[in-house]
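Okay, here's the thing in structure tokens:
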């Protein structure tokens, strides 16, 4: 009887253990799907904005079918990630950490590519690009810096490029008595125009700038850096390899934000500004409804109003304009823009690197690369896109392309993400009146020192 | 006897193993990671290093951390201790010995907040407090101009949201505790001429003290972990106005990609939870 009891308990224990191990191991059996059909499956991951996502639509418009017909041994699977800009980065990083979940091609914001390369998540593509004739002559040279890691290796192929400026509603500006086309020569003229609109057109938001930290990198690049790089200072000193966390230019940039939101009160309401969808609200709702006069945003944003866009406006070119953002006091070169963009990379843990590269080459050939930026309203990283019919004829493309001449790029450093996160939170605090510009400079310095160490920063 | 205990141990093995794998190991790992420079991206992600107490030193020097601790305490005291515990008790008291239909109607209204998932509560509250939301429409009927609640009174808004979401739990705990009090004790006090207030403070409250303390502990621990509600309603902002420790931790780990630092913050949150629980448990032992 006693022995029986022992047996029973042993059996129970073994059975439970078995159950446990089966439960634990059952999650691992889904890799390599598609292998049954004898095909290599290449998964491509990018950020999607939802059901109306233009990139998803572009992939599904016959592009994949065409590739699969030419390459019958490869199957392409698109795996868009629906997330905010900040969440997208953490999601793909977590995916790339394991060979079970790593996609084969991934869209990387050029602001994070160096960081991810330093972390070892991305595969260097030097051998591949060496054997690809397009890379040497057809890609705009200064965009290559954005996809080069700290170690000098190439970690991605630039896929889109962009510039930033002031989008404005021509009718509203004319009603307020401002000159159209609008071409402000200094920061003061921008602020003055906003004040005029506030006086003349009650109910209209004069100037939208992205300041809510939930909008992520847009706060740093579209707002702070657009201002800062128009002063005589920069965020990073390339010679000393240090972050400039306190400078007259930085203080003036903070003062501009404070002036706009707190002194003049010509910015959007905080409820709009702090919303993670502030950009979409501005372009899909406020602009088309005639409730917004100006907005500092990217060159792609105007495509929202095109016929196939999210909020079409008839005769858009007559109603909306795109002006260069001026330097602080109109100093040379008069206007300023930040340029960035997205790139395609292959994760180090990808299981199908060869097939992935094959698809990437196809994706980035002249026809397809240009087709994509045309669909999205972006600028192309390829200099031969101008030869593709319709590329430069697109509304606003000529203006946006012209700005590339004065374009500045974000600091090429893997600490950028950390500094940018600090800036996002501080800019939000200034705009919402929680921090004065002076305190903001001090806080930025303290925070960056704490995050990176005293030896990584300098004061001008 | 010996063999019997061996058998018992064998039966326990699976549950011990489960506990070990899903509970104890993660806690130990969390503690270990808090002493490293673990990061989601950047060179630190490749070179995981033991950095001693660096994360904790940084944390205690970080003004944002101190602000977050303060915000957590404010949120905890107003939304858990005062809001849910007191309001739950009052509701339970008001409903005591009322007729069944009344109790059911009120019960359903209050419990609706509790059964609604946190994320849904958050969206409902955004709809309620937003510029064109219900609250502004209601005050509009009285000629009051709209207020940007989530911007002007962010902490008040999230506190109200959490009270709305959580009060039903306290109410139910107290309802069952109050139902347990024998009627004749209170009746005897009434006959002796005690006022309602005296009955409440000398008889009712002392008799449900145990439930009060248990409930306070549960509500405190639950509120310490509230993240979805705040993150969805305000994102911790404007600025750092509603940045409680869980939101701060999330920002450090998933926005700044500093996992080691985020883990260290989570340990502090764990310690606060433990201290609060010990405090409540001790007070329960002494007084009940």
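Chains as they are written, first to last, in my numbering: chain A, 1 to 460; chain B, 1001 to 1288.
Even for Gly, the Cβ is constructed at its ideal location relative to N, Cα and C.
Residue 428 of chain A is classed as buried because its beta carbon has at least 16 other beta carbons within 10 Å across all chains shown.
Contact between residue 44 of chain A and residue 257 of chain A is ruled out by a C-beta separation of about 38 Å, above the 8 Å threshold. A direct Cα-to-Cα measurement between residue 1120 of chain B and residue 1134 of chain B gives close to 16 Å. At least 8 Å separates the CB of residue 164 of chain A from every CB of chain B. The beta carbon of residue 444 of chain A sits closer than 8 Å to the beta carbons of 245, 246, 250, 422, 423 and 426 from its chain, once the five residues preceding and following it are set aside; these are given in chain order. Residue range 64 to 70 is occupied by the alpha helix (DSSP H) that includes residue 68 of chain A, with no beta strand (DSSP E) assigned at that position.
For residue 1037 of chain B, none of the residues of chain A pass the 9 Å Cβ criterion, the least Cβ distance being about 11 Å.
Residues of the same chain with a CB within less than 7 Å of the CB of residue 224 of chain A, apart from the 5 flanking positions on each side, are 253, 423 and 427 in chain order. If you look at residue 44 of chain A, you'll find it isn't in any alpha helix (DSSP H); it sits in the beta strand (DSSP E) that goes 40 to 45. Ranked by Cα distance from residue 116 of chain A, the options A:135, A:148 and A:169 are led by A:148. Annotation: the continuous beta strand (DSSP E) that includes residue 108 of chain A extends over 105 to 109. Beta-carbon to beta-carbon, residue 282 of chain A and residue 295 of chain A are separated by about 5 Å, close enough to satisfy the 8 Å threshold.
Within its own chain, the residues whose Cβ lies closer than 7 Å to the Cβ of residue 411 of chain A, once the five positions on either side in sequence are excluded, are 235 and 236, listed in chain order. Annotated as proximal: residue 366 of chain A and residue 384 of chain A, with beta-carbon spacing under 8 Å.
From the beta-carbon of residue 414 of chain A, the residues of chain B found nearer than 7 Å are 1042 and 1043.
Unbroken alpha helix (DSSP H) runs of no fewer than 4 residues, entirely contained in the segment 1154 to 1220 of chain B, are found at 1154 to 1180 and 1183 to 1191, following chain order. Look at residue 411 of chain A here: in three-state DSSP terms it is coil, with no helix or strand label. Ranked by Cα distance from residue 346 of chain A, the options A:49, A:154, A:40 and A:133 are led by A:154. Counting C-beta pairs closer than 8 Å gives fewer than three between the segment 377 to 394 of chain A and the segment 313 to 324 of chain A, which falls short of the contact rule.
Taking 8 Å as the threshold, the shortest C-beta distance from residue 193 of chain A to chain B does not fall below it. Residue range 335 to 339 is occupied by the beta strand (DSSP E) that includes residue 339 of chain A.
With fewer than 16 other Cβ atoms from the protein chains shown falling within 10 Å of its own Cβ, residue 1176 of chain B counts as exposed. For residue 214 of chain A, the nearest CB of chain B lies under 8 Å from its own CB, placing it at the interface with that chain. Within the same chain, and ignoring the five residues on either side of residue 1131 of chain B in sequence, the residues whose Cβ sits closer than 8 Å to its Cβ are 1146 and 1148. For residue 132 of chain A against residue 361 of chain A, the beta-carbon gap comes to about 6 Å, under 8 Å, which counts as contact. Rounded to the nearest whole angstrom, the C-alpha separation of residue 1273 of chain B and residue 1115 of chain B is 24 Å. Within the segment 132 to 157 of chain A, the complete alpha helix (DSSP H) segments of 4 residues or longer fall at 133 to 138, listed in chain order. The continuous beta strand (DSSP E) containing residue 458 of chain A extends over residues 457 to 459. Judged by DSSP in its simplified three-state form, residue 1132 of chain B adopts coil rather than helix or strand. Ranking A:120, A:279, A:290 and A:143 by CA distance to the CA of residue 49 of chain A puts A:279 first. Considering only B:1026, B:1077 and B:1188, the residue with the shortest C-alpha distance to residue 1162 of chain B is B:1077. Between residue 1072 of chain B and residue 1244 of chain B, the C-beta gap is smaller than 8 Å, which places the two residues in contact. Considering only A:141, A:121 and A:74, the residue with the shortest C-alpha distance to residue 405 of chain A is A:141.
Between residue 265 of chain A and residue 204 of chain A, the CB-CB gap reaches or exceeds 8 Å.
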